[in-house]
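Residue numbers (mature numbering (1 follows the signal peptide of the UniProt record, and there is no 0)): -22 to -1, 1 to 87.
We put the beta carbon where it would ideally sit given N, CA and C, even for glycine.
Worksheet for the structure shown next.
Listed below in structure tokens is the structure:
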């Protein structure tokens, strides 16, 4: 009970502090914006869609040999969907077998 009280009271003060209001003479500060800043359009930015080939090899844009090597290793080790699903089922079955000793057993003779 003491633990809950020690946790609840500071949390209550933090929540109540977040509800504080500002005084009546508060003036909203407008941030200074540089002249070369381009404001966002009302409907959002309009962009062109990149080619699928560019998206498929996005890491090459960064020109990082370590990242390129890691991506190539990941592509070589990538399994198709059916193999991945079968390995997932196998892992779940193994987990079920390993947890089976936690349940009571019934023997008859």
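Self-check item: Beta-carbon gap between residue 38 and residue 26 smaller than 8 Å
Solution: To locate residue 38, count along the chain shown from 1; it is residue 60. To locate residue 26, count along the chain shown from 1; it is residue 48. No, the Cβ-Cβ distance between residue 38 and residue 26 is not below 8 Å.
Self-check item: Through-space distance from residue 77 to residue 70, alpha-carbon basis
Solution: Here residue 70 is taken as the residue at index 92 of the chain shown, counted from 1. Here residue 77 is taken as the residue at index 99 of the chain shown, counted from 1. Their Cα atoms are separated by approximately 11 Å.
Quiz prompt | Alpha carbon of residue 2 to alpha carbon of residue -10, nearest angstrom | solution = The residue labelled residue 2 in the question sits at position 24 within the chain shown. The residue labelled residue -10 in the question sits at position 13 within the chain shown. For residue 2 and residue -10, the distance between alpha carbons rounds to 23 Å.
Practice problem: Note the first and the last residue of the continuous alpha helix (DSSP H) segment covering residue -6. | Solution: Position 17 of the chain shown, counted from the first residue, corresponds to residue -6. Its alpha helix (DSSP H) spans residues -21 to -5.
Quiz item: In the structure shown, what three-state DSSP assignment does residue 1 receive?
Solution: One-based indexing of the chain shown puts residue 1 at position 23. Residue 1: coil per DSSP, three-state reduction.
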